[in-house]
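Participant:
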Ligand SMILES: Cc1ncc(COP(=O)(O)O)c(C=O)c1O
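Numbering (the working numbering), first residue to last: 2 to 402.
(1) Tell me whether residue 266 is buried or exposed, calling it buried when 16 or more other Cβ atoms sit within 10 Å of its Cβ.
(2) Taking residue 84 as the reference, give the member of 66, 51 and 119 with the closest Cα.
(3) Does the stretch 317-328 come within contact of the stretch 358-370, defined as at least 3 CB pairs closer than 8 Å?
(4) Beta carbon of residue 48: closer than 7 Å to some heavy atom of ligand 1?
(5) Among 240, 135 and 71, which residue has its Cα nearest to the Cα of residue 107?
(6) Just to confirm, are residue 78 and residue 114 a CB contact at a threshold of 8 Å?
(7) Would residue 128 pass as a contact of residue 104 if the rule is Cβ separation under 8 Å?
(8) In chain order, what are the residue ranges of uninterrupted alpha helix (DSSP H) at least 4 long that sit wholly in the stretch 90-160?
(9) Assuming contact is defined by CB atoms lying nearer than 8 Å, are residue 253 and residue 218 in contact in what I supplied?
(10) Under DSSP, the alpha helix (DSSP H) around residue 345 begins and ends at which residues?
(11) To the nearest angstrom, how far is it from the Cα of residue 201 to the Cα of residue 5?
(12) Could you say which of 100, 226 and 71 lies nearest to residue 237 if we only look at CA atoms?
(13) Less than 7 Å separating the Cβ of residue 73 from some heavy atom of ligand 1?
(14) From the DSSP secondary-structure annotation, give me the bridge partner or partners of residue 204.
(15) Spatial neighbours of residue 110 within its chain, please: CB distance less than 6 Å, with the 5 preceding and 5 following residues excluded, ordered by chain position.
(16) In chain order, what residues of the same chain have a beta carbon less than 7 Å from the beta carbon of residue 208, not counting five sequence neighbours either side?
(17) Can you confirm whether the stretch 147-164 touches the stretch 314-322 when touching is taken to mean that 3 or more C-beta pairs between the two stretches lie within less than 8 Å?
(18) Excluding the 5 residues flanking residue 46 on each side, which residues of the same chain have their C-beta closer than 6 Å to its C-beta?
(19) Could you compute how far the alpha carbon of residue 14 sits from the alpha carbon of residue 310?
(20) Within the chosen definition, does the stretch 277-290 reach the stretch 375-386 through at least 3 CB pairs nearer than 8 Å?
(21) Which of the three DSSP states, helix, strand or coil, is assigned to residue 38?
(22) So, under 8 Å CB-CB, residue 49 and residue 161 are touching, yes? Tell me the CB distance rounded to an integer number of Å.
(23) If you reduce the DSSP assignment to three classes, tell me which class residue 163 lands in.
Below, the structure written as structure tokens:
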């Protein structure tokens, strides 16, 4: 009998929405370069510009404010790298603003870029978070000095789902004369976002987290905001990102956004119901569990939970044997045995961080899937915990010899 497969790792990536797949297959014959003046090029250009309108409309932006890029990571690198040269020569008006504020719980593409910039002389300050993963607003106030050019705070965290008050942070950044960026890769399509309500200058999104294709994303850049291309050498995207456009990916991204617009509100309610059922099911059937993330200000699809005494990797592998896919830490960090930097930042001990898994549901997750998960998880935790006791007993036995 084939093992049932249940995908609960939507924060790592999502399957293509059937409508996105259909649209992309239809568009596959269209090969023209959007920069070519002939009919083949003009056809591709029309599709790219149509997609730009859809992406812009979804977040309340003007189409000229959308730059298509190769990934969420590229968009984040682009924004942070605006501050790469210590003298900020490319940013008129920002010459004296050579430092950046970000947080300790950002995705590695922000953290590592920030660390790299710090090595090159940019001053970077990393904000602490509380036990739920919310940033310390008093510390932000203290860090906002005259030399801060950019504040970059993610809207929702990929590991624990905690949502930040981006509008308030933006207001504080702007009051200080600093620009504001938010990495909205996990938030877009799970909660409504409007760039004008938030007031932000830059916003990052990625298609593969919202049932679109991999390797394409978009960066929102508010009109008039200082900007410098990260990838140079072409006039594409009005000189803001060189490289022939990924036409097919862009079409897929726009279709994914159209589908999010149609489905996300009802889906968010359904996901929140399943999340609550999953959390209470875990609490009722397994003792000594700790839920990570904010109890209320959190993505409706994400449950991050620690099982002291059980290694996250072991839980993942046992669940995998039952056909259930979850993750430990962020997808990009897997392969490393370091405990999650996000959980550590919330004050979790390395042991507790090691014993945690992330369960992230999506549009095709059903209550039946949650029931299946709740049917196998308690036994797995029990088995791993008892083996870990056996291991300690074994050690004692060896030591006694
Ligand atoms: C919060 C966040 N930012 C950025 C990224 C990177 O996006 P991409 O995979 O498109 O490079 C991810 C992907 O895991 C993410 O979760």
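A virtual CB, placed ideally from N, CA and C, is assigned to each residue, including glycine.
Facilitator: Per the coordinate set shown:
(1) exposed
(2) 119
(3) yes
(4) no
(5) 135
(6) yes
(7) yes
(8) 109-120 and 138-144
(9) no
(10) 342-346
(11) 44 Å
(12) 71
(13) yes
(14) 183 and 221
(15) 74 and 77
(16) 214, 217, 218, 250, 253, 254 and 257
(17) no
(18) 35
(19) 28 Å
(20) yes
(21) coil
(22) The Cβ separation is near 36 Å, so there is no contact.
(23) strand
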